[in-house]
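See structure below.
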């Protein structure tokens, strides 16, 4: 079994980290425990040139980073393998409306990336952004991609995102066929995105028979693996794509808690308004503070298109696990910030002693974690695995927040430590986002 994160971005995409280079992406994939990671941004000529210089073939359709470019691995980590991937933003008119749909493309080689990029450059500007914006119909992009490279895999990206997705509330479609027409049978999978999980997507019978994939869409190396695929195949492009197309060898996904996604519920961030679909309907879709249109979230859009009740599970549906990044888990277990010095120090110590992040979150015995971290953190990871998580939903571009231990529980654990002569953890220095209040209709 291995973990794959196929939708990422390099430093050549807008609003990305300067560390989005091959060396740091390789480093963080190893630290997370990701075996196969997408290159991202294959259309950008400068990034593609770096890939040719820095990667070596490592099996059919996969690549490894040159040894001299690798940074030290954590104990038990493996150097990741790379597969050629990229995201394209299609903005175009269809049926009298402007459509904005993002699509993820997987390719079997850098040579295929050169060929497809040359054809796309004849259509629009692919040099200014690693995720290029093309005035091209998604259906036509799919056809061009497969005509150029029949072995390519084309996946609608984060399909529920309000502004840039297949089913987006503001610029998408209501059915797959509306978007892709006669090319629809060539779609084998959809990416569910951070603000939904498979159980939400199971409510649409139209998605039966498609593989539900999940990826991080990371704009910095540290965000790799926020979501990922679990696979049991050989390490080659044909076997990876075969699992996506047929479901054989595709074991399931690792998911964000959908409430943590920044478009889960409806709302208006500028006014601090967060609403459920029912509350939005009562208000006629208008912000109760400023009167402007609300941003319709993923849960609302799923409700609009669903033809099955909540809780329905199709026969043969793949399982999934809901996790959170280890620094967030440490913070949610200790009342601190994910970026606090103490959180970072403990994160580094856990990796040095126990290995990559995913095994710590999923498999390492709780007692082993407790020997290195505080009982608060050990208990937090136990609760995470059991799904005992309190969630404040995200909305209108603002990420949600998870909570694992209450302040009283944290204080009690710290008191138990003091009884045995241990140093208690530093007191919480800020109320952080957990205490941030939002307007709700019920208030």
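In the numbering used here, the protein residues as written are 1113 to 1555. Built from N, CA and C at the ideal position, the CB exists for glycine as well. If you're wondering where the values come from, they're calculated on a predicted model, not measured in any experiment.
Item to complete: Would you kindly work out how many angstroms separate the C-alpha atoms of residue 1235 and residue 1416, rounded to a whole number?
Response: 35 Å
Discussion item. When you compare the CB positions of residue 1054 and residue 1306, do they come within less than 8 Å of one another, or not?
Written reply: Residue 1054 lies beyond the residue range present for the chain, which begins at 1113 and ends at 1555; the question has no answer from this structure.
Item to complete: Please confirm whether residue 1377 and residue 1477 have their CB atoms less than 8 Å apart.
Response: no
Discussion item. What does the alpha-carbon distance come out to for the pair residue 1248 and residue 1203?
Written reply: Roughly 6 Å between the two C-alpha positions.
Item to complete: Would you tell me roughly how many angstroms separate the C-alpha atoms of residue 1461 and residue 1337, rounded to the nearest one?
Response: About 20 Å.
Discussion item. If I measure Cβ to Cβ from residue 1459 and keep anything under 7 Å in the same chain, skipping five residues before and after, which residues do I get?
Written reply: 1438, 1439, 1442
Discussion item. If you reduce the DSSP assignment to three classes, tell me which class residue 1137 lands in.
Written reply: helix
Worksheet item: Taking DSSP as the reference, what is the three-state secondary structure of residue 1298?
Response: helix
Practice prompt. Specify whether the segment 1327 to 1341 and the segment 1471 to 1487 touch according to this definition: at least 3 beta carbon pairs, one from each stretch, less than 8 Å apart.
Written response: no
Practice prompt. Using the Cα positions of residue 1304 and residue 1123, report the straight-line distance between them to the nearest angstrom.
Written response: 24 Å
Worksheet entry | the segment 1381 to 1396 / the segment 1355 to 1373 touching (three or more Cβ pairs under 8 Å) | no
Discussion item. Using the Cβ count rule (16 or more neighbours within 10 Å means buried), how would you classify residue 1231?
Written reply: exposed
Practice prompt. Buried or exposed for residue 1120, please, with buried defined as at least 16 other CB atoms from any protein chain shown within 10 angstroms of its CB.
Written response: Answer is buried; the Cβ neighbour count reaches 16.
Fill in: Buried versus exposed call for residue 1153 [16 or more other C-beta atoms within 10 Å across all chains shown]
buried
Practice prompt. Compute the Euclidean distance between the alpha carbons of residue 1410 and residue 1418, then round it to the nearest angstrom.
Written response: Rounded to the nearest angstrom, the two C-alpha atoms are 12 Å apart.
Worksheet item: Between 1146, 1228, 1372, which lies nearest to residue 1513 when the distance is taken from Cα to Cα?
Response: When 1146, 1228, 1372 are compared, the shortest CA-CA separation from residue 1513 is found for 1372.
Worksheet item: What span of residues does the alpha helix (DSSP H) with residue 1430 cover, start to end?
Response: From DSSP, residue 1430 is part of no alpha helix (DSSP H); its letter is neither H nor E.
Worksheet item: Would a C-beta distance cut-off of 8 Å place residue 1218 and residue 1197 closer than the cut-off?
Response: In this structure, residue 1197 lies closer than 8 Å to residue 1218 by Cβ.
Practice prompt. On the DSSP bridge assignment, give the partners of residue 1337 in chain order.
Written response: None; residue 1337 has no bridge partner.
Worksheet item: Are residue 1367 and residue 1434 closer than 8 Å when you measure CB to CB?
Response: For residue 1367 and residue 1434, yes; Cβs fall inside 8 Å.
Item to complete: Can you grab the Cα-Cα spacing for the pair residue 1260 / residue 1179, in whole Å?
Response: 32 Å
Discussion item. Using the Cβ count rule (16 or more neighbours within 10 Å means buried), how would you classify residue 1243?
Written reply: buried
Worksheet entry | Spatial distance of residue 1490 from residue 1354 (CA atoms) | Those two C-alpha atoms are separated by around 38 Å.
Discussion item. I need the straight-line Cα distance from residue 1408 to residue 1348, nearest angstrom please.
Written reply: Between the alpha carbons of residue 1408 and residue 1348 lies a gap of roughly 40 Å.
Worksheet item: Would you call the CB atoms of residue 1147 and residue 1115 closer than 8 Å?
Response: The answer is yes: Cβ separation under 8 Å.
Worksheet item: So, are the CB atoms of residue 1195 and residue 1171 less than 8 Å apart?
Response: no
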